[in-house]
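Encoded as structure tokens, the structure appears first; notes follow it.
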Amino acid sequence: MSNPVFFTQAGNLSHLGPGSVFVLEGPEARHAVTVKRLAVGEQVDIADGAGTRLTGTVSETGSGTLAVTASDVVFEEQPAVRLVLVQALAKGDRDELAVETATELGIDAVVPWQSERSIVRWKGDRAAKAHAKWQSVVAAAAKQARRSHIPQVRPIVDTAALAKVVAAADLAIILHEDAKNPLRTVLEESGVPDGSDPGSPREVLLIVGPEGGISPGEVTRLSDAGAVTALLGHHVLRSSTAGPAAVVLASDVLGRW
Numbered sequence: 054m055s056n057p058v059f060f061t062q063a064g065n066l067s068h069l070g071p072g073s074v075f076v077l078e079g080p081e082a083r084h085a086v087t088v089k090r091l092a093v094g095e096q097v098d099i100a101d102g103a104g105t106r107l108t109g110t111v112s113e114t115g116s117g118t119l120a121v122t123a124s125d126v127v128f129e130e131q132p133a134v135r136l137v138l139v140q141a142l143a144k145g146d147r148d149e150l151a152v153e154t155a156t157e158l159g160i161d162a163v164v165p166w167q168s169e170r171s172i173v174r175w176k177g178d179r180a181a182k183a184h185a186k187w188q189s190v191v192a193a194a195a196k197q198a199r200r201s202h203i204p205q206v207r208p209i210v211d212t213a214a215l216a217k218v219v220a221a222a223d224l225a226i227i228l229h230e231d232a233k234n235p236l237r238t239v240l241e242e243s244g245v246p247d248g249s250d251p252g253s254p255r256e257v258l259l260i261v262g263p264e265g266g267i268s269p270g271e272v273t274r275l276s277d278a279g280a281v282t283a284l285l286g287h288h289v290l291r292s293s294t295a296g297p298a299a300v301v302l303a304s305d306v307l308g309r310w
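Numbering-wise, the sequence shown is residues 54 to 310 according to the numbering used here.
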């Protein structure tokens with residue numbers, strides 16, 4: 054069984070090595086001691102959310118602290134092919150469910166998209182709170198999945214801004230029920246590296262619409278910017294399901310798994 058993971062701030066672990074003692078403090082330490090009831094002698098991982106992972110043994114616990122003696126400290130590289138989920142805002146927390154599950158499955162970054170047919174709107178103070186909520190959801194999912202990297206939640210975009218993101222991407226794929234080519238075929242014929250060359254990172258955007266689907270005008274605008282459409286399967290999936298399903302297939306095809 055894998056060790057439980059608790060997060061600290063990026064950079065806190067980079068100077069440590071085997072035999073070092075790291076003291077975790079704050080909410081994560083309280084969760085480890087009070088909720089998880091970790092005791093002296095148990096194994097645990099501490100990650101900084103940016104790829105560094107300390108594996109060690111609990112050597113001391115306090116009311117708000119957890120001391121861990123390191124047996125190993127490693128840096129885990131990002132995949133050579135990075136997957137970015139562009140998730141349209143959706144009602145009923147389906148967008149949050151999508152990014153949560155996609156994070157557990159290995160997505161590398163998330164882009165909230167204010168599409169034309171999105172019922173949910175991020176405006177004013179709500180935008181900052183909603184963005185923070187997504188980041189919290191992603192962090193919790195990364196913790197659940199024992200990841201050392203916490204995916205970035207990038208700023209929200211409207212369709213005009215998304216078109217610019219698409220134009221700069223190595224590959225942007227619109228998951229669409231009217232597409233002719235399966236996602237597997239699009240990925241295999243894209244020329245994107247299969248992950249075997251770590252010196253040539255690439256980003257693949259997986260674009261998912263809201264409950265009402267992506268409008269024809271948006272498909273045209275994003276296609277004109279360089280996106281291609283792809284069929285995910287024989288059935289129409291919910292907005293909360295399509296992204297995670299695409300992550301699984303793309304991870305397999307691109308050699309990430």
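For glycine and all other residues, C-beta sits at the position ideal for the given N, C-alpha and C.
One thing to note: Glu256 has its Cβ no nearer than 8 angstroms to the Cβ of Asp305. Scanning its chain for C-beta atoms nearer than 6 angstroms, with the 5 sequence neighbours on each side dropped, one finds around Asp148 the residues Gln140, Leu142, in chain order.
Under the three-state reduction of DSSP, Trp310 is assigned to coil, being neither helix nor strand.
The C-beta separation of Thr156 from Pro204 comes to about 6 angstroms, placing the pair in contact by the 8 angstroms criterion. Here Gln167 is buried: its Cβ has 16 or more other Cβ atoms, across all protein chains shown, within 10 Å. The three-state reading of DSSP puts Gln140 in strand, counting E and B together.
Shortest Cα-Cα distance from Gly109 to any of Thr154, Pro80, Ser55 involves Ser55. Taking a contact as a CB-CB distance under 8 angstroms, the pair Gly64 and Asp98 does not count as one, their CB atoms being some 17 angstroms apart. Each residue's CA atom was taken as its position, placing Asp178 and Gly70 some 43 angstroms apart. As the crow flies, the alpha-carbon of Arg291 is around 46 angstroms from that of Val74.
Contact annotation, Leu228 with Val272: C-beta distance approximately 11 angstroms; criterion of less than 8 angstroms not satisfied.
In this structure, DSSP gives Arg135 an extended state, which the three-state scheme calls strand.
If you draw a straight line from the Cα of Ala103 to the Cα of His202, it is about 5 angstroms long. Look at Arg255 here: in three-state DSSP terms it is strand.
Taking 8 angstroms as the upper bound for CB-CB distance, Arg199 and Val88 are not in contact here, some 17 angstroms apart. In the three-state reduction of the DSSP assignment, Thr87 falls in the helix class, which pools H, G and I.
Pro132 places its beta carbon 8 angstroms or farther from that of Arg274. Boundaries around Ser124 are those of the beta strand (DSSP E), 118-128, since no alpha helix (DSSP H) includes it. Taking C-beta separations shorter than 6 angstroms and ignoring five residues to either side along the sequence, the partners of Ala183 in its chain run Trp175, following chain order. Between Leu136 and Val163, the beta carbon gap of about 10 angstroms keeps them out of contact (Cβ cut-off 8 angstroms). Listed as beta-bridge partners of Val261 by DSSP are Gln140. In this structure, DSSP gives His184 a helical state, which the three-state scheme calls helix. Within its own chain, the residues whose Cβ lies closer than 7 angstroms to the Cβ of Glu241, once the five positions on either side in sequence are excluded, are Val306, listed in chain order. Leaving aside the five residues that flank Ala216 on each side, the residues in its chain whose CB is nearer than 8 angstroms to its CB run, in chain order, Arg274, Leu275, Asp277, Ala278. Secondary structure in the segment 143-231: the alpha helix (DSSP H) runs of 4 residues or longer, each lying completely within the stretch, are 147-158, 177-197, 212-221 in chain order. DSSP lists Pro235 as the bridge partner or partners of Leu284. In the displayed model, Ser292 falls within a helix according to three-state DSSP.
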